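Novice:
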Amino acid sequence: TFRKEAKAHGEGGMFLGHHLSAQDRIVLVDDVMTSGQTKFDALEMVRTEAARLGLEPPRFEAVVVGVDRQEAEGAVTAAQAFTAETGLPVFAVATIRELADELEGDISPAHHRALREYLER
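Listed below in structure tokens is the structure:
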């Protein structure tokens, strides 16, 4: 387990528990995919730590997120761009559009309309 920001209390540092090894197979888990930048940063942090320890970088397998916001640059979403650049598949528990569909009738029509308008931009 690693943190995106080092903590000074408790176990402290960026990495917790398991000691990094070249044989590790890593799945990055995060709450949301927006631009993908934190996932790129996480890959770099792990690679940097492996280099600091004199290890070959471990093998990354995939990224799993709770929600893919499906932010797009043109016709390509951030998740698709991340996969194209890294070769790592991105799996989401749900997409923002799926959540919008599920929320219809549970939130006010004005909020649902605003959400749909945001998604169509």
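The sequence shown begins at 1049 in our numbering and counts up one residue at a time.
Where a beta carbon is used, it is the ideal one built from N, C-alpha and C, also for glycine.
Source: prediction; values computed, not measured.
Where does Glu1119 sit, in a helix, a strand or coil, going by DSSP?
Specialist: coil
Novice: Report the partner residues of Phe1108 according to the DSSP bridge assignment.
Specialist: Ile1074
Novice: Looking at the unbroken alpha helix (DSSP H) that takes in Thr1186, where does it start and where does it end?
Specialist: Since the first and last residues shown for the chain are 1049 and 1169, residue 1186 lies out of range.
Novice: Could you give the distance in angstroms between the alpha-carbon of Ala1162 and the alpha-carbon of Ala1120?
Specialist: If you draw a straight line from the Cα of Ala1162 to the Cα of Ala1120, it is about 18 angstroms long.
Novice: Would you mind reading off the limits of the alpha helix (DSSP H) that contains Asp1149?
Specialist: Ile1144 to Leu1151
Novice: What is the rounded straight-line gap between the Cα of Gln1118 and the Cα of Thr1096?
Specialist: 29 angstroms
Novice: Could you give the C-beta distance for Leu1068 and Leu1101, rounded to a whole number, given that I count them as a contact under 8 angstroms?
Specialist: 6 angstroms
Novice: Tell me the residue span of the alpha helix (DSSP H) that contains His1160.
Specialist: Pro1157 to Glu1168
Novice: Can you tell me the Cβ-Cβ gap for Leu1076 and Ala1090, rounded? I've got them flagged as a contact below 8 angstroms.
Specialist: 5 angstroms
Novice: Under 8 angstroms between the Cβ atoms of Ile1144 and Val1115?
Specialist: Taking 8 angstroms as the Cβ cut-off, Ile1144 and Val1115 qualify as a contacting pair.
Novice: Distance check for Thr1082 and His1066, CA to CA, integer angstroms please.
Specialist: 28 angstroms
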